[in-house]
Amino acid sequence: METLNRYREILETLKANDNYRSFPESDSGNLLNLCSNDYLGLNSNKEFHDNFLAEFKRKTYKFSSCSSRLLSGNSIEHTKLEKLLADSYQSEACLLYNSGYHANVGIISALASKKDLIIADKLVHASIIDGAKLSNATVIRFKHLDYLHLENILKKNRKNYENVFIISESIFSMDGDIADLERLIELKQKYNCLLYIDEAHAFGVRGNNGLGCVEESQVINEIDFIVGTFGKAIASIGAFVICSNLFRQYLINHSRSLIFTTALPPINIAWTIYILKKLPELNQEREKLKSLSMQFAKMLNRETQSHIIPFIIGTNKNAIDKSIELKQNGFTILPIRYPTVPKGTARLRFSLNANMDIKQLIPIKNILKKQ
Ligand SMILES: Cc1ncc(COP(=O)(O)O)c(C=O)c1O
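For the sequence shown, our numbering begins at 24 and goes up steadily by one.
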């Protein structure tokens, strides 16, 4: 069909621009994986796996929920996990989502209406952008971490809208830098806004109990929506939002990615609970990750605020070539390209994990030196 040419042409253009995506072969485990979000190394913790499976044999959790939580998919495990998280954050309420993507898309689109304004950091994750697009709100982006710009937008626009949502990640997924939560709270209070913080890359990794940057900065109570995900440091699947009872009830009634989907399987929830109970005890892993990240960044002559260390290369082609060279030398690290990151900033995004040793990373320095 003639009309299908459009799709062929788009794929050809992506290929011509070195921006074509395909699934990489899954490696046999011989390469050192530098692009997984398994920050605490829990995905390969055999002791945890064995203990959980022993518990599973005693309790036999279901493998599927077979319907939405609003029908028969709501299990004891779902309720237990929400209570565990709400108690950990000493917050009124918690609501689970099937993934961080579901959470951001479903929460933002449900809460922000035509009368509202969403102001988001320029580099927030695609799921936040998609949630904002699906809402009927006006959307303005502020320059990355530029809170003067944010304040100027607020000064000019606050009066024209009913509710204003300020949205940021805490640790930014592709840059590893960190939002100034205190400053965001100050602005939220000054301009009477709602503050939404995505902790996908901080949950598990930061704070004395692993509750994220919000715990580290002791600001949990000041933030209206704290989103965390289980598919990264927690080595499970799913996501949650910490919020007030009012918002929880509203989301249960209006959040389409929660209502119109099969609930997470109880077996996954049980695994998440198992890991979360261990989370406060994992300070050694968190400290190890922190010192490894600093050592690695220093090796690359960079500074870092987190365990995500971007090495910006520029063109797609050069980023692909470096990734291939690193693979030939024993490392899995895929190039990150537009639209995940802005055009012209293709990069290698090193995400470290607490099981690594700096000695394993030494060869990378020389490979990256050759431009
Ligand atoms: C900041 C941020 N939020 C949300 C998500 C989506 O989370 P999930 O992988 O659980 O859908 C990601 C991960 O890709 C992310 O980086």
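Glycine included, every Cβ here is placed at the ideal spot set by N, Cα and C.
In this structure, A225 sits away from I190, with a CB-CB distance that is not shorter than 8 Å.
Counting only runs that start and end inside the stretch 26-105, the alpha helix (DSSP H) elements of at least 4 residues fall at 28-39, 69-82. Under the three-pair Cβ rule at 8 Å, the stretch 272-286 counts as touching the stretch 116-129. By the criterion of a C-beta distance shorter than 7 Å, N183 is surrounded by no residue of its chain, once the five residues flanking it on both sides are discounted. Spatial neighbours of F373 in its own chain (CB-CB distance under 6 Å, excluding positions within 5 residues in sequence) are listed in chain order as L57, I332. Of the candidates D73, P358, A223, the residue whose Cα lies closest to the Cα of G261 is A223.
About 10 Å separates the Cβ atoms of L207 and S240, ruling out a contact at the 8 Å cut-off. Of all alpha-carbon atoms in I356, N376, R360, Y361, the one lying nearest the alpha-carbon of I390 is that of I356. At a cut-off of 7 Å, the beta-carbon of Y219 does not count as near ligand 1: no heavy atom of the ligand is closer than that. D221 sits in a strand when the DSSP states are folded into three classes. When DSSP reads this structure, V250 sits in a beta bridge with D221, V264. Boundaries of the beta strand (DSSP E) harbouring I336: 331-337, taken from the DSSP string. Taking the Cβ of H167 as the reference point, every heavy atom of ligand 1 lies at 7 Å or farther away. Within the DSSP secondary-structure output, F165 pairs in a beta bridge with D144. Here the alpha carbons of E100 and R31 stand approximately 46 Å from one another. The criterion of a C-beta distance shorter than 8 Å is not satisfied by L312 and K388. Pairwise C-beta distances place the stretch 303-311 out of contact with the stretch 235-250, as fewer than three of them are shorter than 8 Å. The DSSP-derived three-state label of V242 is coil.
Short of 7 Å from the beta carbon of K103, and not among the five residues preceding or following it, lie these beta carbons of its own chain, in chain order: I296.
L371 carries a strand assignment under DSSP once its states are collapsed to helix, strand and coil.
Ranked by Cα distance from D198, the first of N74, A377, V147, I141 is V147.
Taking the Cβ atoms as the reference, S111 lies roughly 7 Å from N232, within the contact range of under 8 Å. Relative to the non-hydrogen atoms of ligand 1, the Cβ of A135 never comes closer than 7 Å to any of them.
For H224, the Cβ falls inside the 7 Å cut-off from some heavy atom of ligand 1. Between ligand 1 and G337, a heavy atom-to-CB distance of less than 7 Å is absent. Distance between L157 and A149, taken at the CA atoms: about 12 Å. Distance from the C-beta of H330 to the nearest heavy atom of ligand 1 is not below 7 Å. From the listed residues A342, N175, S329, the smallest Cα separation to N60 is found for S329. Per DSSP, the continuous beta strand (DSSP E) segment holding S191 begins and ends at 187-192.
Between N186 and D139, the C-beta gap is smaller than 8 Å, which places the two residues in contact.
Not one heavy atom of ligand 1 falls within 7 Å of the beta-carbon of N291. When the beta-carbon positions are compared, K137 and A160 come within less than 8 Å of each other. Contact annotation: R360 and N339 have beta-carbon atoms nearer than 8 Å. In this structure, the C-beta of H148 approaches ligand 1 to less than 7 Å from one of its heavy atoms. Contact between Y120 and F263 holds, with the beta-carbon distance rounding to 7 Å and staying under 8 Å. Counting the other Cβ atoms within 10 Å of the Cβ of C89 gives fewer than 16, which makes it exposed.
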